[in-house]
Amino acid sequence: MNEKAASKEKLTSICRQFRIDGDILVYRWIPAGHINTAYYVAVYNGKEVTQLLVQKINTYVFREPVGMMRNIERITEYIRSSERTMEKRRRLHFRHTAERKNYLVLKNGVPAGDDVDFQDESVEFWRVYNYIECSTSFETAGGDPEVLRMSGKAFGRFNKQLKDFDAAQLMESIPHFHDTVYRMNSFFDTVEKDPKGRAAQAAREIAVIRENRDFAGTLCRQIEAGELPIRVTHNDTKTNNILFDKDTLDPLVIIDLDTCMPGLACYDFGDTVRFAACTAEEDQPEGMRLDLRLFRAYAEGYLSEMKDVLTPAEVESLSTGAAVITLELASRFLGDYLAGDRYFRIEYPEQNLRRAQAQLALFQDMMRHMDDMRQIIREMTE
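Numbering-wise (our numbering), the sequence shown opens with residue 12 and increments by one.
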């Protein structure tokens, strides 16, 4: 058991609050992810073993976790009701407390109401949902076009499942999440304040972001002009947020719905391109560039589901979205580094700086290959 993990007694108590009785047979901390803390838990009640994922939500990031869980409830119920014949492994099922809540609030280890201060360090916010058996995920695509193609199909299918869902029903679980004008303003405000005295060390990276500040607002201007429709989007479309059948690699279900909220299709498309259609790890700027072969594979999978859903303007925005979201994330990584690494979990002191450098290298290569990306999209949609 990793030293970061909660105790067996703590996890047992949480499971019982979600009306899951029995003894924990196995439990382990799951190290994946930058934000929340997750545990695999297997509970035996004397008749059967129930496999679960137990998660503690980072309420510094998700400051309105109750609203976030309301979003998730609406989305999962909509998908379940509209696709009643869906195999059980292809949907998420969140457990509920006796009060019919799909979350649990603790204050000093004791169940509390929703009127607590979620920034109080004594407050914890937990949820429990089913573990998808015989599944696997990929931290990266590993340069495999087929993984990218199937990932594109999975996220395209998710967007398509929700194409008629009214995005106005959802709150912004992280306000201004992809408002790149706001992001740029916040970033340069942090640069000016330089709270940890790190700006001089990142002068080159700050200059690159400053040079491309106007481009970063491209999609925001299109939204204001009414050129792009607002849809329900996942907003964290990394390959490790897809569970695949471990034998066939058929995509089963999209997980980590915390950032599901109103957004643009090109956000979801672009974030996977940023994460997986590249040649290096997220914190390795050396050799980081766009891999057009992987871009083509992902686009093929995504458009196999969404080609007839997207408007012409949305199709044209896909490549732009990949570059904008990469630049945006570079500013977020660098802003967090300048602020003292409060948002993204780090494993070594300069990891957020390295992440920003890698994203900027990828962004610059995307801009060099913008025409190539657009041509690939045209070939698949004309």
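In this text, a Cβ means the ideal position worked out from N, Cα and C, and glycines have one as well.
Which of helix, strand or coil does DSSP assign to residue i?
| i | result |
| --- | --- |
| ASP200 | helix |
| GLU14 | Low confidence applies to GLU14: its pLDDT is 42, below 50, so where it sits in the model is not reliable enough to give any reading. |
| PHE337 | In the sequence under discussion, the amino acid at residue 337 is Thr, which differs from the Phe named in the question. Correct three-state label for THR337: helix. |
| VAL77 | helix |
| LEU373 | helix |
| LYS8 | This structure does not reach residue 8, given that the chain is present from 12 up to 393, and the question cannot be answered. |
| GLY396 | The shown model of the chain, from 12 to 393, leaves out residue 396, and the question about it has no answer. |
| GLU216 | helix |
| LYS282 | Note that residue 282 is Asp in the sequence shown, not Lys. It is helical. |
| PHE424 | A question about residue 424 goes unanswered here, because the residues of the chain that appear run from 12 up to 393. |
| LYS21 | helix |
| PRO433 | The requested residue 433 does not occur in the structure, where the chain is confined to residues 12 to 393. |
| ARG385 | helix |
| PHE226 | helix |
| GLY332 | helix |
| MET195 | helix |
| MET378 | helix |
| ARG356 | coil |
| ASP175 | coil |
| TYR309 | helix |
| PHE344 | helix |
| ARG365 | helix |
| MET391 | helix |
| ARG221 | helix |
| ARG27 | helix |
| GLN295 | coil |
| LEU349 | helix |
| ARG209 | coil |
Who are the Cβ neighbours of residue i in its own chain at under 8 Å, not counting the five residues just before and after it?
| i | result |
| --- | --- |
| MET12 | Caution is warranted here: a pLDDT of 38 is assigned to MET12, below 50, making its placement in the model unreliable, and the coordinate value is therefore given only provisionally. Once the five neighbours on either side are set aside, the close Cβ partners of MET12 are TYR38, ARG39 and TRP40. |
| PHE29 | ARG106, HIS107, THR108, LEU115 and VAL139 |
| ALA210 | VAL202, ILE217 and LEU349 |
| PHE198 | ILE220, SER342, ARG343, LEU345 and GLY346 |
| ARG285 | ALA333, ILE336, THR337, LEU340, GLN370 and LEU373 |
| VAL134 | THR70, VAL116, LEU117, LYS118, ALA123, VAL127 and ASP128 |
| LYS249 | ASP282, THR283, PHE286 and ALA287 |
| GLY78 | MET182 and SER184 |
| GLU325 | LEU239, PRO240, LEU275, ALA276 and CYS277 |
| GLU14 | Confidence is the limiting factor: at GLU14 the pLDDT is only 42, short of 50, which leaves the residue's position unreliable and the question unanswerable from this model. |
| MET195 | ILE220, ARG224, ALA227, GLY228 and SER342 |
| ASN252 | SER148, HIS245, ILE265, ILE266 and ASP267 |
| PHE188 | ASN246, THR270, MET272 and GLY274 |
| SER93 | GLN172 |
Opposite residue i in the DSSP bridges: which residues?
| i | result |
| --- | --- |
| MET272 | THR244 |
| ASP256 | SER146 |
| HIS54 | Reading off the sequence shown, one finds Val at residue 54, where the question assumed His. In the DSSP output, where bridge partners are listed per residue, VAL54 has ILE35 and THR61. |
| VAL264 | LEU254 |
| GLN66 | ALA49 and ARG138 |
| LEU301 | CYS289 |
| ILE41 | ALA49 |
Would you say residue i faces chain B, with C-beta separation under 8 Å as the test?
| i | result |
| --- | --- |
| PHE29 | No chain B is present in this structure, which holds just one protein chain. |
Leaving out the 5 sequence neighbours to the left and right, which residues in its chain are closer than 6 Å to residue i when beta-carbon positions are compared?
| i | result |
| --- | --- |
| LEU63 | VAL52, VAL139 and TYR142 |
| ILE46 | ASN69 and VAL72 |
| TYR89 | PHE176 |
| TRP137 | ILE25, LYS67 and LEU115 |
| GLU84 | ASN113 |
| ASP34 | TYR55 |
| ARG160 | ALA308, GLU311 and GLY312 |
| MET272 | LEU181, GLU183 and SER184 |
| ASP258 | none |
| PHE226 | none |
| THR147 | PHE255 and LYS257 |
| LEU329 | CYS277, PHE280 and ILE388 |
Give me, in chain order, the residues of the same chain whose beta-carbon lies closer than 7 Å to that of residue i; leave out the 5 immediate sequence neighbours on both sides.
| i | result |
| --- | --- |
| LEU301 | ALA288, CYS289, LEU373, ASP376, MET377 and HIS380 |
| ASP125 | VAL77 and VAL116 |
| LYS204 | none |
Report yes if the C-beta of residue i is less than 7 Å from at least one heavy atom of the ligand FAD; otherwise report no.
| i | result |
| --- | --- |
| TYR278 | The model on display carries no ligand, and the ligand FAD is accordingly not part of it. |
**Request:** Tell me the start and end of each unbroken alpha helix (DSSP H) in the segment 84 to 166 that is at least 4 residues and wholly inside, in chain order.
**Result:** Taking only runs of at least 4 residues, no alpha helix (DSSP H) segment lies wholly in the segment 84 to 166.
**Request:** Spell out a yes or no on whether the segment 379 to 391 and the segment 302 to 313 are touching, meaning 3 or more CB-CB pairs, one atom from each, closer than 8 Å.
**Result:** Taking 8 Å as the limit for Cβ pairs, the verdict is that the segment 302 to 313 does touch the segment 379 to 391.
**Asked** Is the segment 162 to 174 close to the segment 244 to 256, with three or more CB pairs under 8 Å?
**Response** Yes: the two stretches touch, three or more of their Cβ pairs being nearer than 8 Å.
**Message:** Any contact between the segment 284 to 301 and the segment 361 to 368? By contact I mean 3 or more CB pairs, one from each, below 8 Å.
**Reply:** Flag = yes, the segment 284 to 301 and the segment 361 to 368 touch.
**Asked** Is the segment 173 to 188 in contact with the segment 76 to 94, if contact means three or more CB pairs nearer than 8 Å?
**Response** Yes, they touch.
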